[in-house]
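To start, the structure under review is shown below, and the notes come after it.
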DNA sequence: CTAGGGTTAG
């Protein structure tokens, strides 16, 4: 339609192949253009053609000339023609550089926008301003420096306004050194310059410098105070923040505003002091700031963190102009408090309210799904996100990857990941971890190599995934290589997690000497994860002496954890040291250590079925046990020998006296098989680690019933297929 | 849109 109108108005009497061709080109441009740009484009085109209108009427009789004179000027493409390329080219040809820069900046094409600068003889404040703004927004330090240098070399003399913008840009890009240089260069700093500098320092945690400037500045306004207060809050110094807040209140000429009170509220939430928060709440009511959505959010945050969730909800319900942030905060508050149902129900209220959830909302709900391995809900959220649209470069996208990976749906995780134009480090890490946990350690390592090639800098969390992939793949030396590369190649510091991973790696393969050496020379105290890994390794290789050392360390760190006692007892039992076994039993009784009951669950037709060990409460219990009895016979026929040599079972409270008592995962798997059509993949979740016997039994089961069976235990995913498990018996 | 607050994963 637009094409037709444009065409008629410009070429009322003539259609030639050439003009049609041009219109085809224009059409392509228009189709790519956004609504906003379309208007600009049309205006530009009509300006152009109205100028040459007289010629057009004359030439309507002689078509050849019309074509040569009237050709819409489509110059050689200087700028990428992916969208609005021709428009930008036209604008540049017309020397409308301002507009060209504006359009490129709006499309976040920073590099090209800076290129335009080089075409301009005398760039003006507007151009620089737009560019600096975008650099600031994109946190593009290098580009920002380029523009800054351009300004320095040009004839343009920046005013204080421009200086402050540059200052802010450097601060936001995290380059406080550059910012400080600019700050020191400015001859006539205004209050704003000081405030930008202070908040720059405060934001990155250089509180000392911030405070120094704050103390030495000629005069302060509420911006200065608030910047300082929020700096303290952000960097874990809530007490200093509240102290400053109190001092500020004593200055009568200073008004607390919504920014100040929200920071103060965050501070009292951080030290979990309800009465202080209530005091500030009173203050807020007195000065009438209670209608602000952000203040509300801080208020509800404070009440939530100080243990008054109902009060938080009460305030939430009373707030009239709740924005999406308030909703998100309230929903997440429920999740934090373990109230998944309340959180989800508020989320569905939100969907009904018509307010569009943002990336944070999606991320919050998806992360909850990931924690709960609620893939079903996660998928629904994903579907909703597809309908309303979401940014593929956002928390939400990486939360999706995380959710699928955590739920063991590695295919969907990969699909989302592949769809991301520029996956962030968190997505890479989730994906690597996902592969590692889902029995695809080689894919995990391949992906890590891809990450390095992409130029993204891995961090300490990424290496946890990499090291655990090596562990799962049994690649001990490769793992050690990666471990050392953390320091010498990537300049990162080893964390306790890295040490725990390497100890896991070494002790699983029985290289205890190296493991001990490493423990003795590590710079921090070994944590419980490290000792637990070591203990696990000792169990595999029956290393009684070292197991004792590891267990003793664990008894100090977490005396209440039954797993340690049970594992140690098992190691003693395997070594035939029954006296020691009895001792441990006694210690457990004396200390009142209770074993965590093992439970497994399976979701079928949106209903979750939970099983305890030896459970017979399920309505289909009879069928389940009958099925397991039949299965047991077939398994024995195939060569299955039950593992009953462990006196104290791994982690579950159970006596394996008769075959009638099955571990919860066996029951869940059995139920899955009888409740679904042949061939359906069974997916079972378990809160504890699965035991050797069940692991073997499920391997047989997968072969006998010809099903893919996925069991996610507390450690990892096991994917059983045709008699083997993806973990290759290494877990 | 010259400075400031709340949600923030692996």
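Numbering (full-length UniProt numbering), first residue to last: 1 to 731. Don't be surprised by glycine CBs; every beta carbon is placed ideally from N, CA and C. Just so it is clear, the structure is predicted and the values come from calculations on it, not from any experiment.
Own chain residues within Cβ distance below 6 Å of residue i, not counting five before or after
i: residue 683; result: 710
i: residue 404; result: 412 and 413
i: residue 172; result: 136
i: residue 432; result: 444, 447, 448 and 465
i: residue 692; result: 643
Test item: CB-CB of residue i and residue j under 8 Å
i: residue 708; j: residue 681; result: yes
i: residue 162; j: residue 129; result: yes
i: residue 601; j: residue 483; result: no
i: residue 494; j: residue 473; result: no
i: residue 136; j: residue 178; result: no
i: residue 599; j: residue 664; result: yes
i: residue 235; j: residue 205; result: yes
i: residue 244; j: residue 219; result: no
i: residue 362; j: residue 396; result: yes
i: residue 182; j: residue 207; result: no
i: residue 335; j: residue 364; result: yes
i: residue 110; j: residue 140; result: yes
i: residue 546; j: residue 534; result: yes
i: residue 670; j: residue 700; result: no
i: residue 470; j: residue 507; result: no
i: residue 531; j: residue 550; result: yes
i: residue 126; j: residue 84; result: no
Contacting residues, own chain, Cβ-Cβ under 7 Å from residue i (five flanking each side not counted)
i: residue 419; result: 392
i: residue 151; result: 128 and 158
i: residue 269; result: 277, 301, 302, 305 and 306
i: residue 398; result: 424, 426, 427 and 430
i: residue 360; result: 328 and 395
Distance, residue j Cα to residue i Cα
i: residue 724; j: residue 704; result: 12 Å
i: residue 445; j: residue 114; result: 38 Å
i: residue 480; j: residue 667; result: 40 Å
i: residue 630; j: residue 618; result: 19 Å
i: residue 337; j: residue 321; result: 25 Å
i: residue 591; j: residue 499; result: 30 Å
i: residue 248; j: residue 232; result: 14 Å
i: residue 566; j: residue 543; result: 15 Å
i: residue 706; j: residue 143; result: 58 Å
i: residue 394; j: residue 381; result: 15 Å
i: residue 503; j: residue 572; result: 21 Å
i: residue 164; j: residue 134; result: 15 Å
i: residue 720; j: residue 525; result: 38 Å
i: residue 415; j: residue 400; result: 10 Å
i: residue 253; j: residue 224; result: 14 Å
i: residue 221; j: residue 258; result: 14 Å
i: residue 476; j: residue 230; result: 47 Å
i: residue 325; j: residue 293; result: 8 Å
i: residue 68; j: residue 92; result: Confidence at residue 68 is low in this model, with a pLDDT of 34, below 50, so the placement of that residue is unreliable and no value is reported for it.
i: residue 156; j: residue 422; result: 36 Å
i: residue 203; j: residue 541; result: 51 Å
i: residue 511; j: residue 505; result: 9 Å
Classification of residue i by the beta-carbon crowding that lies within 10 angstroms, buried from 16 upward
i: residue 434; result: buried
i: residue 238; result: buried
i: residue 309; result: buried
i: residue 523; result: exposed
i: residue 371; result: exposed
i: residue 712; result: buried
i: residue 284; result: buried
i: residue 722; result: exposed
i: residue 88; result: buried
i: residue 635; result: buried
i: residue 735; result: With the chain covering 1 to 731 only, the question about residue 735 has no answer from this structure.
i: residue 582; result: exposed
i: residue 263; result: buried
i: residue 29; result: At residue 29 the pLDDT is 42, less than 50, meaning the model places this residue with poor confidence; the figure from the coordinates comes in the next sentence. Buried, since its Cβ has 16 or more Cβ neighbours within 10 Å.
i: residue 189; result: buried
Identity of the residues DSSP links to residue i by a beta bridge
i: residue 725; result: 720
i: residue 609; result: 602
i: residue 710; result: 683 and 719
Contact set for residue i: own chain, Cβ-Cβ below 8 Å, skip 5 residues either direction
i: residue 211; result: 228
i: residue 616; result: 625
i: residue 729; result: 695
Heavy atom of the ligand COA within 7 Å of residue i beta-carbon
i: residue 700; result: Of the ligands one can find in the structure shown there are none, so the ligand COA has no counterpart to examine.
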